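Right, one structure below, let's go through it.
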Amino acid sequence: MSKTIFYEQHLDNNAKMVDFAGWDMPINYPLGIIKESNIVRNSSGFFDVSHMGRVEIRGNGAESFIDKILPIDINSLKIGSAKYTLLINEKKEILDDLIIYRFTDYFLLIINASNTVEDINWMQSVKGKEVEINNITSETGMLAIQGPDVIKIFNSILNNAIEDLGRYKFKNILIENNDIFVARTGYTGEDGVEIIFKSEFGYKIWELLINNGVTPCGLGARDLLRIEAGLHLYGHEITKKSNPIDIGLKRLLESESSKYINNDYIHSENIKKGLFSMIGLVVTDRGIPREENEIYYKDSVIGKVTSGTHSSTLRRSIAIGIVKKDFNIINNTVRIKVRDKFLNATITKLPFYKRSKK
Amino acid sequence: MSEIPNNLKYSKDHEWVNIEDNIATIGITLHAAESLGDIVYIDVSSLNQELKQFDKFGEIESVKAVSDLFVPVSGKIVEVNEELEGNPEYVNDDCYEKGWIIKVEISNLDDLTTLLNSSEYEKII
Numbered sequence: 001m002s003k004t005i006f007y008e009q010h011l012d013n014n015a016k017m018v019d020f021a022g023w024d025m026p027i028n029y030p031l032g033i034i035k036e037s038n039i040v041r042n043s044s045g046f047f048d049v050s051h052m053g054r055v056e057i058r059g060n061g062a063e064s065f066i067d068k069i070l071p072i073d074i075n076s077l078k079i080g081s082a083k084y085t086l087l088i089n090e091k092k093e094i095l096d097d098l099i100i101y102r103f104t105d106y107f108l109l110i111i112n113a114s115n116t117v118e119d120i121n122w123m124q125s126v127k128g129k130e131v132e133i134n135n136i137t138s139e140t141g142m143l144a145i146q147g148p149d150v151i152k153i154f155n156s157i158l159n160n161a162i163e164d165l166g167r168y169k170f171k172n173i174l175i176e177n178n179d180i181f182v183a184r185t186g187y188t189g190e191d192g193v194e195i196i197f198k199s200e201f202g203y204k205i206w207e208l209l210i211n212n213g214v215t216p217c218g219l220g221a222r223d224l225l226r227i228e229a230g231l232h233l234y235g236h237e238i239t240k241k242s243n244p245i246d247i248g249l250k251r252l253l254e255s256e257s258s259k260y261i262n263n264d265y266i267h268s269e270n271i272k273k274g275l276f277s278m279i280g281l282v283v284t285d286r287g288i289p290r291e292e293n294e295i296y297y298k299d300s301v302i303g304k305v306t307s308g309t310h311s312s313t314l315r316r317s318i319a320i321g322i323v324k325k326d327f328n329i330i331n332n333t334v335r336i337k338v339r340d341k342f343l344n345a346t347i348t349k350l351p352f353y354k355r356s357k358k
Numbered sequence: 359m360s361e362i363p364n365n366l367k368y369s370k371d372h373e374w375v376n377i378e379d380n381i382a383t384i385g386i387t388l389h390a391a392e393s394l395g396d397i398v399y400i401d402v403s404s405l406n407q408e409l410k411q412f413d414k415f416g417e418i419e420s421v422k423a424v425s426d427l428f429v430p431v432s433g434k435i436v437e438v439n440e441e442l443e444g445n446p447e448y449v450n451d452d453c454y455e456k457g458w459i460i461k462v463e464i465s466n467l468d469d470l471t472t473l474l475n476s477s478e479y480e481k482i483i
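Heads up: the sequence lines are chains E and V, in that order. So the first sequence is numbered by my numbering: it starts at 1 and just counts up by one. So the second sequence is numbered by my numbering: it starts at 359 and just counts up by one.
In structure tokens, the structure reads:
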């Protein structure tokens, strides 16, 4: 199994380790998933996300290559900005969801650990001569630092270096003469940053965070927080066969460029129809719906659960599901078949949790 | 290493039993609680139900997993820890005291001979 540069720190902090897409990762530390989630909602926590793929797209042909492979409006992606988007191959299969960051003369893609190999192979197969694809995952580390206190803590450590950094913007800053990439992005529904740095500087960053009262949190808390925030996870809400419209990602299909390989597809009537809807479910009985559990309206199956957990913020079980479009009626009661019993649940709008903006 | 009190008996399914006269107090071991992670629901059979040794008597569910509970001795459920409905975290924080789950009036004392002592239990975890 692969290990991130923080493997020793996870063991030293008595993490419970699990296999995550071939990486030995902490699901939680002794505090546990619920307390770790609460820390991120109320103050500040950090996650080792070094397993995620980090890929640079460089060369004279980089910009037109991005225009060709992603459904973004490339002109609206300014230098120093990031966008959430989908990687869809020529067979209309969604290979991944990712964040693209635009630098002066190149792009950085942050992709899912489980899809890194397939994404890179596909990009290699469709790229021209003037495009270079560099996988920098193994030579760098990445941490997601999340919570309402994170920006304040960072500014106090770094002499207000990110005071002017807006949401979905990034910059490079120096910490002890080491170049650190800092982006105001995240996957928890809280404010915060995601940072990338050379592997050898990782232990210093870890210490800096601990010394400033930021708590290490595991991937279990990250999953709980992203479900509360109604965010998609590849392999759950998003699959190869998904229609982006069905899973509430219509807004990502913004490209008008004739160079985009799926230009016809994203503007076709076929995709626009959509047959399903992604919904939130608040469970009114005791028990947690799990992935693949069937959702019933009266006696018919109308869809399936894609993710479920117990929300520590709502103090109820919650789930994300995909149901036939006509059954997406807010406040309707449905039943979820969990093992041998049915749990009542109310259809709600996503997200379950939205932070209050200061 | 998980704490395993030597005054208790254990089942292979990771329940502990404390015997006082003919009443068995039953919970899950620290090893089981740690493997489950944060517990959020504990649902058990109702009072006065008669159970045979190793019958399922309920379910325990954490954020990440769910597990069946099996009664280590035959008997009748005479008490259920109602505190756990509002405070399921007692099982994670204090599984051998505040986190007890049910009390059973033992109907067959021979069942006790099939349970493990603390050093035997330690070997299987």
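Every residue, glycine too, gets a C-beta built ideally from N, C-alpha and C. Please read these numbers as outputs of a predicted model, since none were measured by experiment.
In this structure, tyrosine 101 (chain E) keeps its C-beta atom at 8 Å or more from the C-beta atom of arginine 58 (chain E). Scanning chain E for C-beta atoms nearer than 7 Å to the C-beta of aspartate 396 (chain V) yields Gly32, Ile33 and Ile34, reported in chain order. When rounded, the separation of the alpha-carbon atoms in threonine 387 (chain V) and leucine 275 (chain E) is 48 Å.
Contact check between the region 174 to 181 of chain E and the region 191 to 198 of chain E: three or more CB pairs, one atom from each, fall below 8 Å, which counts as touching. Linking threonine 4 (chain E) to glycine 53 (chain E) through their CA atoms gives a straight-line distance of about 12 Å.
A direct Cα-Cα distance of roughly 21 Å separates threonine 239 (chain E) from tryptophan 23 (chain E). At a cut-off of 8 Å, the C-beta of tyrosine 399 (chain V) has a neighbouring C-beta in chain E.
Assignment of beta-bridge partners to valine 402 (chain V) by DSSP yields V:Gly416. For glycine 287 (chain E), the neighbours in chain V by C-beta distance under 7 Å run, in chain order, Tyr399 and Glu419. Using a 10 angstroms sphere on the CB of arginine 339 (chain E), the tally of other CB atoms stays under 16, which defines it as exposed. For lysine 422 (chain V), the C-beta contacts it makes with chain E under 8 Å involve Ile27, Ile33 and Gly220, in order along the chain.
Within the region 429 to 456 of chain V, the residues whose Cβ lies closer than 9 Å to any Cβ of chain E are, in chain order, Glu443, Glu447 and Asn450. Pairing glutamate 417 (chain V) with isoleucine 322 (chain E), the inter-Cα distance amounts to about 27 Å.
The Cβ-Cβ distance between serine 465 (chain V) and glycine 433 (chain V) falls below 8 Å. Cβ-Cβ separation between phenylalanine 46 (chain E) and proline 216 (chain E): approximately 6 Å, consistent with a contact (criterion under 8 Å).
Contact residues of the region 201 to 231 of chain E toward chain V are Gly220 and Leu224 (C-beta to C-beta distance below 8 Å). DSSP places arginine 339 (chain E) in no alpha helix (DSSP H); its state is neither H nor E.
Below the 7 Å Cβ cutoff, chain V contributes Val421 as neighbours of threonine 309 (chain E), in chain order. In the three-state scheme derived from DSSP, where H, G and I count as helix and E and B as strand, aspartate 191 (chain E) is classed as coil. Taking asparagine 365 (chain V) as reference, the option from V:Asn445, V:Asp413, V:Asp371 and V:Tyr454 with the minimal CA-CA separation is V:Tyr454. Assignment of leucine 86 (chain E) by DSSP, reduced to helix, strand and coil, places it in the strand class.
Contact check for isoleucine 295 (chain E) and threonine 309 (chain E): beta-carbon distance about 16 Å, past the 8 Å limit, so the pair fails to qualify.
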